[in-house]
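**Student:**
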Amino acid sequence: MATEAHGEEAPGLVFHPLDQFIVKPLFGDGPVGMFTITNVTLWLALAVLAIVALFVFGTRGRAIVPSRSQSIAEVLYGFTYKMVEDVAGKDAIKFFPYIFTLFMFILASNYLGLLPLSFATTSHIAVTAVLALAVFLTVTIVGFVKNGAGFLSLFWVSSAPLV
């Protein structure tokens, strides 16, 4: 594993601490292409499946005395809802589904990355950059739609000199 990825030849078992960050195809040893199923896609899919399973099982049999999965689902939902409401006010609750989905995906990905022999998907700059770009574009587009060109004034202090 380490010898193939790092181009070094060594007899016996070789351990390299960065092996856990190498993107490898799950099927075959060919190059990683656009639609190759890799260890990254496997763990991203597992994170999504874990979130879906938590909320499907947590909301299936709603009861006055909640089950463990229902308690976990309610606590996560309530925590995120209250955080969005406290930070952005009542108007921004329309963005709650987006923020909640993003929060749950990052939480599940990070928890799965703690498992032994797993792959920490959020450790890769590509995954982090896509999530950050999605948030940046959403905030920018909504800012322009809501405030027009005046949105740019948020990035410039009115008392700052032009030069």
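Here the working numbering is used: position 141 in the sequence shown is 156, and no number is missing along the way. All C-beta atoms in this analysis are idealised placements derived from N, C-alpha and C, irrespective of residue type, glycine included.
1. Bridge partners of residue 53, per DSSP?
2. Count the other C-beta atoms from every protein chain shown that fall within 10 angstroms of the C-beta of residue 170, then say buried if there are 16 or more, exposed otherwise.
3. When you compare only the Cα positions, how much space is there between residue 173 and residue 154?
4. Quick check: what's the CA-CA separation for residue 95 versus residue 178?
5. Please classify residue 48 as buried or exposed, where buried requires at least 16 other C-beta atoms within 10 Å of its C-beta.
6. Between residue 52 and the rest of its own chain, which residues show a CB-CB distance below 6 Å, the 5 nearest in sequence each way excluded?
7. Run through DSSP, which three-state label would residue 111 get?
8. Could you tell me how far apart the beta carbons of residue 74 and residue 62 are, in whole angstroms, since I believe they sit closer than 8 Å?
9. Give the secondary structure of residue 94 by DSSP, where H, G and I count as helix, E and B as strand, and everything else as coil.
10. When burial is assigned at 16 or more other CB atoms within 10 Å of the CB, is residue 167 buried or exposed?
11. What's the gap between the Cα of residue 122 and the Cα of residue 29?
12. Nearest to residue 124 by alpha carbon, out of 146, 45, 112 and 161?
**Tutor:** Taking the definition as stated:
1. Counting from one through the sequence shown, the residue named residue 53 turns up at place 38. Paired residues: 40.
2. Numbered from its first residue, the sequence shown carries residue 170 at position 155. Its Cβ having fewer than 16 others within 10 Å, residue 170 is exposed.
3. Within the sequence shown, residue 173 is the residue found at index 158, counting from 1. Within the sequence shown, residue 154 is the residue found at index 139, counting from 1. Each residue's Cα considered, the two are about 22 Å apart.
4. The residue given as residue 95 occupies position 80 in the sequence shown. The residue given as residue 178 occupies position 163 in the sequence shown. C-alpha separation (whole angstroms): 42 Å.
5. As a first step, residue 48 must be located in the sequence shown, where it is residue number 33. The residue in question, residue 48, is exposed, as its Cβ has fewer than 16 Cβ neighbours within 10 Å.
6. For this step, residue 52 is matched to residue 37 along the sequence shown. Cβ within range, chain order: 41.
7. Position 96 of the sequence shown holds residue 111. In the structure shown, residue 111 sits in a helix (DSSP, three-state: H, G or I).
8. For this step, residue 74 is matched to residue 59 along the sequence shown. For this step, residue 62 is matched to residue 47 along the sequence shown. Actually they do not touch by this definition, with Cβ atoms about 19 Å apart.
9. Along the sequence shown, read from residue 1 onward, the residue named residue 94 stands at position 79. The answer is helix: DSSP assigns residue 94 an H, G or I state.
10. For the purposes of this step, residue 167 is identified with residue 152 of the sequence shown, where counting begins at 1. Exposed.
11. Reading the sequence shown from its first residue, position 107 is the one you call residue 122. Reading the sequence shown from its first residue, position 14 is the one you call residue 29. Cα to Cα, the separation comes out at about 32 Å.
12. The sequence position of residue 124 within the sequence shown is 109, counting from 1. Here the closest residue by C-alpha is 146.
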